[in-house]
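Start counting the sequence shown at 1; every next residue gets the next number (my numbering).
Worksheet: one structure, shown below.
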Amino acid sequence: MINFLIFGPPGSGKGTQSVKLAGKFNLRHLSTGDMLRAEITAGTELGGKMSSIMSKGELVPDEVVIEMIAAKIDSTKGVAGFLFDGFPRTVAQTEELEKMLNARGMKIDSMLVLDVDHDELVKRLIARAEQSGRPDDKDPVVIENRIDVYKAKTEPIIDYCRKQGIYQPVNGMGTIDEIFGRLSREMKKLI
Ligand code: ADP
Numbered sequence: 001m002i003n004f005l006i007f008g009p010p011g012s013g014k015g016t017q018s019v020k021l022a023g024k025f026n027l028r029h030l031s032t033g034d035m036l037r038a039e040i041t042a043g044t045e046l047g048g049k050m051s052s053i054m055s056k057g058e059l060v061p062d063e064v065v066i067e068m069i070a071a072k073i074d075s076t077k078g079v080a081g082f083l084f085d086g087f088p089r090t091v092a093q094t095e096e097l098e099k100m101l102n103a104r105g106m107k108i109d110s111m112l113v114l115d116v117d118h119d120e121l122v123k124r125l126i127a128r129a130e131q132s133g134r135p136d137d138k139d140p141v142v143i144e145n146r147i148d149v150y151k152a153k154t155e156p157i158i159d160y161c162r163k164q165g166i167y168q169p170v171n172g173m174g175t176i177d178e179i180f181g182r183l184s185r186e187m188k189k190l191i
């Protein structure tokens with residue numbers, strides 16, 4: 001099994017690229033954002049509790065996403081590995097993910113980080129709001145808060161992974177296909 005983190009600020013294209021990469025390399029794509037939105041759509045108690053946090057652009061509690069991910073890892077069979085998207089988002093989540101994988105004879109093999117300019121991020125999120133209807137994409141104040149939360153809580157994971165020699169930056173500017181090509185080339189080196 002080979003396990004990748006796809007990383008980058010909100011609007012960097014993680015979700016779009018993950019779907020394509022998971023298909024190409026037979027990886028299970030695990031997006032905590034998608035899982036949380038599915039809870040909200042299904043009207044579960046958990047979804048109800050998380051929706052106001054998400055609509056402000058804040059992070060939901062670590063335990064919530066860790067539990068979701070653990071359940072998915074254990075119920076997945078027949079794939080070449082996992083592609084984690086939007087998780088981990090804090091150093092504590094990263095440590096928990098490592099523990100979870102180590103306990104199952106796996107590790108985080110590579111962290112692919114999409115680098116995108118700030119103005120391009122805001123532009124993409126505003127454009128996405130029109131199609132997705134996501135409340136956290138519609139409000140410029142919430143968009144800026146999500147980028148700030150990323151810088152404060154999520155970016156420190158890059159240093160953590162750099163120390164472990166698994167950090168791989170990728171240019172996230174350009175067309176979807178260009179970026180897909182760059183990410184695929186990095187993944188192929190390991191698969
Ligand atoms: P984006 O790709 O735009 O960053 P996501 O779909 O990954 O958005 O996540 C949407 C929201 O869901 C986040 O702003 C946050 O509130 C919540 N969320 C998703 N994943 C996590 C996580 N690993 N830890 C905490 N909160 C999360």
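From the three backbone atoms N, C-alpha and C, an ideal C-beta is built for every residue, glycine too.
Tell me which residue opens and which closes the alpha helix (DSSP H) that Gln93 is part of. Within the sequence shown, numbered from 1, the residue matching residue 93 stands at position 93. Per DSSP, Gln93 is one residue of the alpha helix (DSSP H) stretching across Val91 to Asn102.
Reduced DSSP category for Met111 - H, G, I as helix; E, B as strand; rest coil: Walking along the sequence shown from the start, residue 111 turns up at place 111. Reduced to three states, the DSSP call for Met111 is strand.
Roughly how many angstroms lie between the CA atoms of Leu183 and Lys163, to the nearest whole one? Walking along the sequence shown from the start, residue 183 turns up at place 183. Walking along the sequence shown from the start, residue 163 turns up at place 163. If I take the Cα positions, the gap works out to 21 Å.
Verify the contact flag: Val91, CB atom, against every heavy atom of ligand 1, threshold strictly below 7 Å. The count along the sequence shown starts at 1 and reaches residue 91 at position 91. Because no heavy atom of ligand 1 lies under 7 Å away, the Cβ of Val91 does not count as near it: no.
Helix, strand or coil at Leu59 according to DSSP, with G and I counted as helix: Translated into positions along the sequence shown, residue 59 becomes position 59. Shown here, Leu59 sits in coil according to DSSP, grouped into three states, outside any helix or strand.
Say the cut is 7 Å; is the CB of Arg146 nearer than that to a heavy atom of ligand 1? Taking the sequence shown and counting its residues from 1, one reaches residue 146 at position 146. It does: the Cβ of Arg146 is within 7 Å (strictly closer) of some heavy atom of ligand 1.
Distance, Cα to Cα, Lys99 vs Ile108? Locating residue 99 in the sequence shown gives position 99, counting from the first residue. Locating residue 108 in the sequence shown gives position 108, counting from the first residue. Distance from the CA of Lys99 to the CA of Ile108, rounded to the nearest whole angstrom, comes to 10 Å.
Under the assumption that Gly13 contacts Gly172 (Cβ atoms under 8 Å), give the Cβ distance between them as a whole number of angstroms. Taking the sequence shown and counting its residues from 1, the one referred to as residue 13 is at position 13. Taking the sequence shown and counting its residues from 1, the one referred to as residue 172 is at position 172. About 6 Å; that satisfies the 8 Å criterion.
Taking all protein chains shown into account, do 16 or more other C-beta atoms lie within 10 angstroms of the C-beta of Arg104, making it buried, or fewer, making it exposed? Within the sequence shown, numbered from 1, the residue matching residue 104 stands at position 104. Classification for Arg104: exposed.
Take the Cβ of Asn26 as the centre, count every other Cβ of all protein chains shown within 10 Å, and call the residue buried at 16 or more, exposed below. The residue labelled residue 26 in the question sits at position 26 within the sequence shown. By the 10 Å Cβ count, Asn26 comes out exposed.
Going by C-alpha to C-alpha distance, which of Gln131, Ala92 and Asp177 sits closest to Pro156? On the sequence shown, position 156 is the one that residue 156 refers to. Ranking the options by Cα distance to Pro156, first place goes to Ala92.
Which term fits Val141, buried or exposed, when burial requires 16 or more other beta carbons within 10 angstroms of its beta carbon? As a first step, residue 141 is located in the sequence shown; it is residue number 141 there, counting from the start. Burial call: exposed.
Measuring alpha carbon to alpha carbon, tell me which residue in Arg146, Lys189 and His118 is nearest Leu112. Counted from its first residue, the sequence shown places residue 112 at position 112. Closest in alpha carbon position to Leu112, among Arg146, Lys189 and His118, is Lys189.
Which first and last residues belong to the beta strand (DSSP E) in which Gln168 is found? Sequence index remark: in the sequence shown, residue 168 carries index 168 (1-based). Start and end: Tyr167 to Asn171.
Alpha-carbon to alpha-carbon, Gly33 and Gly47: Along the sequence shown, read from residue 1 onward, the residue named residue 47 stands at position 47. Along the sequence shown, read from residue 1 onward, the residue named residue 33 stands at position 33. Using only the alpha carbons, I get a separation of about 11 Å.
Assuming contact is defined by CB atoms lying nearer than 8 Å, are Met1 and Met106 in contact in what I supplied? Here residue 1 refers to the residue found at position 1 of the sequence shown. Here residue 106 refers to the residue found at position 106 of the sequence shown. With a cutoff of 8 Å on beta-carbon distance, Met1 and Met106 are scored as near each other.
Tell me which residue opens and which closes the beta strand (DSSP E) that Ser12 is part of. Taking the first residue of the sequence shown as 1, we reach residue 12 at position 12. Counting along the chain, Ser12 falls outside any beta strand (DSSP E), and DSSP gives it neither H nor E.
CA-to-CA distance, Leu59 to Leu114, given in whole angstroms: Taking the sequence shown and counting its residues from 1, the one referred to as residue 114 is at position 114. Taking the sequence shown and counting its residues from 1, the one referred to as residue 59 is at position 59. For the pair Leu114 and Leu59, the Cα-to-Cα distance works out to about 20 Å.
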